[in-house]
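>
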Amino acid sequence: MVKIILNIEGMACNMCEAHMNDAVRKAFDVKKVTSSHKDKETVIIAENDIEDAKIKELVAETGYDLKSISREPYEKKGLFSFLKK
9 MVKIILNIEG MACNMCEAHM NDAVRKAFDV KKVTSSHKDK ETVIIAENDI
59 EDAKIKELVA ETGYDLKSIS REPYEKKGLF SFLKK
């Protein structure tokens with residue numbers, strides 16, 4: 009699984025966050041997506057990586073300005089995840 013962090017300019021409120029989250033859910037097969045207008049960021053958790061070009065196109069269609077994309081491996085953390093070490 010992969011964690012994709014998008015730095016996005018233009019989100020101003022909770023409705024902007026919801027708009028971005030809905031757009032991501034409709035466009036891609038994701039496990040989880042959260043957005044924060046205060047942090048200017050959208051975080052996507054997905055089973056498979058998503059192409060940068062597709063992400064850029066989606067953000068542009070929603071009316072926001074994508075500043076950067078970063079990725080890191082994602083490991084699900086559950087209640088008993090400390091036992092797996």
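For the sequence shown, the residue numbers in our numbering are 9 to 93. Ideal Cβ placement from N, Cα and C applies to all residues, glycine included. Owing to the predicted nature of the structure, the values given are computational and were not obtained by experimental measurement.
#1: Ordered along the chain, which non-local residues of its own chain (more than five positions away) have a Cβ less than 6 Å from that of G18?
#2: Using 8 Å as the threshold, is the C-beta distance between V41 and N29 below it?
#3: Indicate whether V38 and T50 have their beta-carbon atoms separated by less than 8 Å.
#4: Taking only three categories from DSSP, how would you classify D37?
#5: If you scan the region 13-75 from start to end, which runs of the beta strand (DSSP E) of 3 or more residues do you find wholly inside it?
By the coordinates alone:
#1: Y72 and D73
#2: yes
#3: no
#4: coil
#5: 40-44 and 49-54
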